[in-house]
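*Asks:* First, the structure itself, so that you have it in front of you.
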């Protein structure tokens, strides 16, 4: 069963607008972490933001915030005030792991965001 | 930037030849990982290491082997490369285990097998 689902293969947003990238996940492990990565056209993977399963508040990092709805098993990335440099592929990932040595990162298939002027 | 160096960055080789990719880190992190990235699949874990000489299989380990004789180096070997192993390979590192730690990635190796 697919554990991370990103249903939007592509998204468009106008510069300075906010955009939400969807991510749903599936796990029976009570302890898990959710991560978002950005992959620009140059190819590197850039860590953006982290949300822990026990965190009471939604994570924020600058213009990035995570809309974490635990009961719905969703962890959507919100980018505020989009910039042209935000155009990239975005991956949602989950790391399960209360047991030793089982902390593998599971990725979704990604959403390609294009920001236009 | 996390001190992760992947080599080579690009490689073209022929079916049936052995290939070794190297990941070198300067962070003294315990955990190291190899992923492959293919269109429509995101990143998939091949093998990982949780210490020197301690490795385990990931989701797509068939046809790959790994070795870690030093904390800083994690090698991925394709014993006899096949065209299905054409991909972009990423190494990642993490300081500790557990669900709270992000993994930081190298810049990737683009491998083409003809």
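Chains as they are written, first to last, in this note's numbering: chain R, 1 to 117; chain S, 1001 to 1114.
All C-beta atoms in this analysis are idealised placements derived from N, C-alpha and C, irrespective of residue type, glycine included.
#1: Does any residue of chain S have a CB that is nearer than 9 Å to the CB of residue 112 (chain R)?
#2: Spatial neighbours of residue 4 (chain R) within its chain, please: CB distance less than 7 Å, with the 5 preceding and 5 following residues excluded, ordered by chain position.
#3: For residue 45 (chain R), return the contacting residues in chain S, with the cut-off set at a CB-CB distance below 7 Å.
#4: For residue 1104 (chain S), which beta-bridge partners are listed by DSSP?
#5: In three-state terms, what does DSSP make of residue 1062 (chain S)?
#6: Expressed to the nearest angstrom, what Euclidean distance is found between the alpha-carbon atoms of residue 86 (chain R) and residue 1060 (chain S)?
#7: Could you pull the start and end residues of the beta strand (DSSP E) that residue 32 (chain R) belongs to?
#8: Quick check: residue 1028 (chain S) and residue 1086 (chain S), are their CB atoms within less than 9 Å of each other?
#9: Go through its chain and collect everything with a Cβ distance to residue 1083 (chain S)'s Cβ below 7 Å, but skip five positions before and after it.
#10: Starting from the Cα of residue 1041 (chain S), find the closest Cα among R:111, R:76, R:116 and give me that residue.
#11: Mind listing the chain R neighbours of residue 1102 (chain S)? Cutoff is C-beta to C-beta under 7 Å, in chain order.
*Replies:* Short version:
#1: no
#2: 23, 25, 92, 93, 94, 106, 107, 108
#3: 1090, 1105
#4: S:1093
#5: coil
#6: 31 Å
#7: 32–39
#8: no
#9: 1015, 1113
#10: R:111
#11: 35, 47, 50
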